[in-house]
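Participant: Just passing along the structure, written as structure tokens.
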Amino acid sequence: MSSLPLIWRKFPERYLMKGNKCETCGTAFFPARNICPNCRRKGKLVEEEMPRQGKIFSWTEVFSGPCGFEMETPYFIAIIELENGAKILSQIVDSPKEKVKTGAKVKKVFRKISDIDPEGPIAYGYKFKVVD
Ligand code: ZN
-16 MSSLPLIWRK
-6 FPERYLMKGN
4 KCETCGTAFF
14 PARNICPNCR
24 RKGKLVEEEM
34 PRQGKIFSWT
44 EVFSGPCGFE
54 METPYFIAII
64 ELENGAKILS
74 QIVDSPKEKV
84 KTGAKVKKVF
94 RKISDIDPEG
104 PIAYGYKFKV
114 VD
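Sequence positions in the sequence shown follow this note's numbering and run -16 to 115.
Following this line, the structure appears as structure tokens:
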């Protein structure tokens, strides 16, 4: 399997949202950390797949996107608090503006992130959408 292109070798972290968790104090981290800031050397970190659901912790509407995202403006960027307490930054897709609000339940979906290079591989990854 050593001939797998890089984009597929990165599959676990990009698609499964692998982070880790400190068994000592129960705090989850994404992306994974090398050391638990609460427990320092007493912390025991184990790999953990992040939950697929969470809620919007805070959000913002973006009117001018970075290179490659111009066609998608305006769009929503949110800090999402996952069910295990870890917070991640993600774009919110497929959700009408009136449903994008603090505390709204969201779930992970797979979406194309970028196809800037028409000859290159299309990058897919996680985004979130509001669930009813
Ligand atoms: Zn800890």
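Idealized CB from N, CA, C, for every residue including glycine. Note that this is a predicted model, so its numbers are computed, not measured.
Report yes if the CB atom of P34 is closer than 8 angstroms to the CB atom of N3, and no otherwise.
Facilitator: Along the sequence shown, read from residue 1 onward, the residue named residue 34 stands at position 51. Along the sequence shown, read from residue 1 onward, the residue named residue 3 stands at position 20. No, Cβ-Cβ distance for P34 and N3 is not below 8 angstroms.
Participant: Note down the Cα distance separating M(-16) from A15, rounded to an integer number of angstroms.
Facilitator: The residue you call residue -16 lines up with position 1 of the sequence shown. The residue you call residue 15 lines up with position 32 of the sequence shown. Note on M(-16): pLDDT 45, under 50, position unreliable in the model; the coordinate value appears next. Their Cα atoms are separated by approximately 24 angstroms.
Participant: Starting from the C-beta of K112, find all residues in its chain whose C-beta is less than 7 angstroms away, skip the five residues before and the five after it, and write them out in chain order.
Facilitator: Numbered from 1 along the sequence shown, position 129 holds the residue referred to as residue 112. I75, V76, D77, S78, V89, K90, V92.
Participant: CA-CA distance, G26 and F59?
Facilitator: Counted from its first residue, the sequence shown places residue 26 at position 43. Counted from its first residue, the sequence shown places residue 59 at position 76. If you take the alpha carbons of G26 and F59, they lie about 35 angstroms apart.
Participant: Does DSSP put K80 in a helix, in a strand, or in coil?
Facilitator: Counted from its first residue, the sequence shown places residue 80 at position 97. Helix.
Participant: Between which two residues does the beta strand (DSSP E) holding K1 run?
Facilitator: The residue you call residue 1 lines up with position 18 of the sequence shown. First-last of the beta strand (DSSP E) with K1: 1 to 5.
Participant: Taking the C-alpha atoms as reference points, what is the distance between G37 and E44?
Facilitator: For the purposes of this step, residue 37 is taken as the residue at position 54 of the sequence shown. For the purposes of this step, residue 44 is taken as the residue at position 61 of the sequence shown. Computed Cα separation, rounded: 19 angstroms.
Participant: Going residue by residue through the stretch 4 to 52, where are the continuous beta strand (DSSP E) segments of at least 3 residues, counting only ones entirely within it?
Facilitator: Counting whole runs of 3 or more residues, the stretch 4 to 52 contains the beta strand (DSSP E) stretches 28 to 32, 36 to 45.
Participant: Which class does V114 belong to by DSSP, given the choice of helix, strand or coil?
Facilitator: Residue mapping note: residue 114 aligns to position 131 of the sequence shown, counting from 1. Here V114 sits in coil by DSSP.
Participant: Residues bridged to A61 by DSSP?
Facilitator: Against the sequence shown, residue 61 aligns to sequence position 78. Note: A61 sits in a beta bridge opposite W42, S73.
Participant: Less than 8 angstroms between the CB atoms is what I'm expecting for T85 and S47, so what's the real figure, rounded?
Facilitator: Within the sequence shown, the letter at position 102 stands for residue 85. Within the sequence shown, the letter at position 64 stands for residue 47. The Cβ separation is near 23 angstroms, so there is no contact.
Participant: Within the same chain, show all residues whose beta-carbon is closer than 7 angstroms to that of S73, passing over the 5 residues directly before and after it, in chain order.
Facilitator: Working through the sequence shown from its first residue, we reach residue 73 at position 90. Once the five neighbours on either side are set aside, the close Cβ partners of S73 are A61, I63, Y109, K110, F111.
Participant: Does DSSP put G108 in a helix, in a strand, or in coil?
Facilitator: Translated into positions along the sequence shown, residue 108 becomes position 125. G108 falls in the strand class under three-state DSSP.
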